[in-house]
Amino acid sequence: MKIILLGPPGSGKGTISEQLETEFKFQHISAGELLREEVAHKTTIGKVIKTYIEAGNLVPDEFVVQLVKIAINKKDHYILDGFPRSIEQAKHIEDLHINLVLLLDVPENIVIERLANRRVCQTGVHGYHLKYLPPKKPGICDADGTTLIQRPDDTPQIIKKRFQVYHKETQPLIDYYKKSHLLQTINAADTPDTVYAQVKKVVTEAMTRIEKR
Ligand code: AMP
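Read in order, the letters of the sequence shown correspond to residues 1 to 213 in this note's numbering.
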């Protein structure tokens with residue numbers, strides 16, 4: 001089963017991927033995380049990537065497509081979180097035969113509030129919301145015990161830029177995947193538990209359909 005998670009910044013792609021990973025053993029492939037790893041390791045391409053992320057722009061395809069393809073390798077049970085983010089990127093993975101595209105639909109005012117309250121662990125893997133999904137111990141990641149931080153690209157100015165990029169580059173993917181009948185829309189404005197319940201239902205139905213084939 002191969003799933004793409006589509007949605008604006010702060011729509012909950014990372015949280016839902018973590019929940020699906022735990023329950024259905026999907027491999028969680030996050031383009032943002034792969035890129036942040038390169039930045040953290042200060043690799044040659046990491047230094048270039050950093051400038052794009054910190055400006056709220058998309059990292060050029062020559063870097064991101066390769067990183068994602070290496071992460072996918074020959075896997076066949078995964079979630080692509082934050083990839084593709086443009087029609088051009090989608091064309092690079094047409095041969096993968098994706099089974100389901102989940103669009104996390106949530107109004108902009110709600111995601112802006114979520115991003116302001118978002119904290120992530122030092123590894124960038126685990127995300128929290130100060131009000132709705134707080135860690136058990138304030139300021140500390142439940143999963144790995146590291147100190148929680150605010151992402152450098154979660155500042156109001158960069159968030160604004162990320163939304164502009166989303167509208168221009170990523171939103172056209174909604175029609176692209178509608179045409180191939182892969183798209184299912186989730187109302188992601190609700191509480192994390194309610195959103196996940198909808199996601200779980202859609203994923204379970206899709207898995208049943210695939211098994212019957
Ligand atoms: P995310 O962790 O998904 O919020 O992504 C954080 C940042 O990483 C984005 O604002 C982009 O700068 C970069 N990024 C993530 N995914 C992609 C992608 N598919 N293509 C280009 N840049 C990306």
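Glycine included, C-beta positions come from ideal geometry on N, C-alpha and C.
{"Query": "Sub-8 Å separation of residue 169 and residue 36 beta-carbons", "Result": "no"}
{"Query": "Which of helix, strand or coil DSSP assigns to residue 46", "Result": "helix"}
{"Query": "Residue ranges of each alpha helix (DSSP H) within the stretch 43 to 124, 4 or longer", "Result": "44 to 55, 61 to 72, 87 to 92 and 108 to 116"}
{"Query": "One or two residues paired with residue 212 in a DSSP bridge", "Result": "None, per the DSSP bridge assignment."}
{"Query": "Residue 30 - partner residues in DSSP beta bridges", "Result": "81"}
{"Query": "Closer than 7 Å: residue 83 CB and nearest the ligand AMP heavy atom", "Result": "yes"}
{"Query": "Bridge partners - residue 6, DSSP secondary structure assignment", "Result": "103"}
{"Query": "Sequence ranges, alpha helix (DSSP H) only - wholly within the stretch 154 to 190, length at least 4", "Result": "156 to 165 and 172 to 179"}
{"Query": "For residue 133, three-class secondary structure by DSSP", "Result": "strand"}
{"Query": "Cut-off 6 Å between Cβ atoms - residues of its own chain near residue 21, not counting five sequence neighbours on either side", "Result": "28"}
{"Query": "In DSSP terms, what residue 149 is bridged to", "Result": "120"}
{"Query": "Distance cut-off 7 Å: residue 117 Cβ against heavy atoms of the ligand AMP", "Result": "no"}
{"Query": "Rounded C-alpha distance that separates residue 201 from residue 161", "Result": "33 Å"}
{"Query": "Whole-angstrom distance between residue 130 and residue 103, CA atom to CA atom", "Result": "24 Å"}
{"Query": "Same chain only: Cβ atoms within 7 Å of residue 139, ignoring 5 sequence neighbours per side", "Result": "147 and 148"}
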